[in-house]
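Here the sequence shown stands for residues 445 to 642, where the numbers follow the working numbering.
Note that the Cβ used here is the ideal one computed from N, Cα and C, for glycine as well.
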Amino acid sequence: SPSQDLQITLHDSLLSPSATARNLGVTMNNELSFFPHVANVARSCRFLLYNIRRIRPFLSIQAAQVLVQSLVISRLDYCNSLLAGLPLNAIRPLQMIQNAAARLVFNLPKFSHPTPLLRSLHWLPVAARIRFKTLMLAYKAKNGPEPSYLSDLITSCTAPRCLRSSSTARLVPPSLRMRGKYTSRLFSVLAPKWWNEL
Numbered sequence: 445s446p447s448q449d450l451q452i453t454l455h456d457s458l459l460s461p462s463a464t465a466r467n468l469g470v471t472m473n474n475e476l477s478f479f480p481h482v483a484n485v486a487r488s489c490r491f492l493l494y495n496i497r498r499i500r501p502f503l504s505i506q507a508a509q510v511l512v513q514s515l516v517i518s519r520l521d522y523c524n525s526l527l528a529g530l531p532l533n534a535i536r537p538l539q540m541i542q543n544a545a546a547r548l549v550f551n552l553p554k555f556s557h558p559t560p561l562l563r564s565l566h567w568l569p570v571a572a573r574i575r576f577k578t579l580m581l582a583y584k585a586k587n588g589p590e591p592s593y594l595s596d597l598i599t600s601c602t603a604p605r606c607l608r609s610s611s612t613a614r615l616v617p618p619s620l621r622m623r624g625k626y627t628s629r630l631f632s633v634l635a636p637k638w639w640n641e642l
């Protein structure tokens, strides 16, 4: 690929591109698939769950929930809107971590069904959390204090005359001319699509 052939010379040193880069705790690869980031988050969360599991016999359910939410779930939520539009198999490791975290809170065995546990903890599944975060950013970009670089990406529908549907606060869907491998993962594409589906 052309990006792999790129080489820069700086003070007689040859610099070649890296396959991954880390910025603000998010690992990005040259294809923007975020597989390295998901793997890093899953690895660090597994380590935290292992350590919490060692002290779990000494914790109440409430204490275990607070500990898991503050250490593990917060890592799953950090910058998760960057994962919007990824296929479910790409974020499956994060869902498995959340399932293991729910089982740990209730001190249940590995093969316990996680859905009732997630419901009782009021935790959205990972894919729904990503969608919620993206929609929250869209709401703030539309109505509130979000920075202009986000609010410039979405526009509200305005009808030329007064219609019943004009009060629904829909967003303008993106142009069909936008094509590309990663176009469907853009905030400007996903936010209006998901917003109008509400």
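- When DSSP reads this structure, ILE452 sits in a beta bridge with LEU459.
- In this structure, ALA544 keeps its C-beta atom at 7 Å or more from the C-beta atom of VAL512.
- CA-to-CA, the gap between ALA534 and LEU493 works out to about 21 Å.
- In the same chain as TRP639, and ignoring 5 residues on each side of it, the C-beta atoms closer than 6 Å to its own belong to ALA582, LEU615, in chain order.
- Cα atoms of LEU561 and LEU450: separation of roughly 49 Å, rounded to the nearest angstrom.
- For the pair PRO537 and VAL470, the CB atoms are not nearer than the 7 Å cut-off.
- For ARG547, the enclosing alpha helix (DSSP H) has its first and last residue at 532-550.
- Three or more beta-carbon pairs drawn from the stretch 490-510 and the stretch 548-564 are found closer than 8 Å, and the two stretches are therefore classed as touching.
- Residue environment: PHE478 is assigned as buried (16 or more neighbouring CB atoms within 10 Å of its CB, all protein chains considered).
- Taking the C-beta atoms as reference points, ALA635 is found nearer than 7 Å to THR578.
- Burial state of ILE541 is buried, judged by a 10 Å Cβ sphere holding 16 or more other Cβ atoms.
- Listed in chain order, the non-local C-beta contacts of ASP456 below 6 Å within the same chain number zero, local neighbours out to five positions each way being set aside.
- Bounds of any alpha helix (DSSP H) do not take in VAL516, whose DSSP letter is neither H nor E.
- Here the alpha carbons of ARG487 and LEU459 stand approximately 30 Å from one another.
- Excluding residues up to 5 positions away in sequence, VAL470, PHE478 lie with their Cβ nearer than 7 Å to the Cβ of LEU526 in the same chain.
- In the three-state reduction of the DSSP assignment, ARG573 falls in the helix class, which pools H, G and I.
- Beta-bridge partners of SER600 (DSSP): LEU615.
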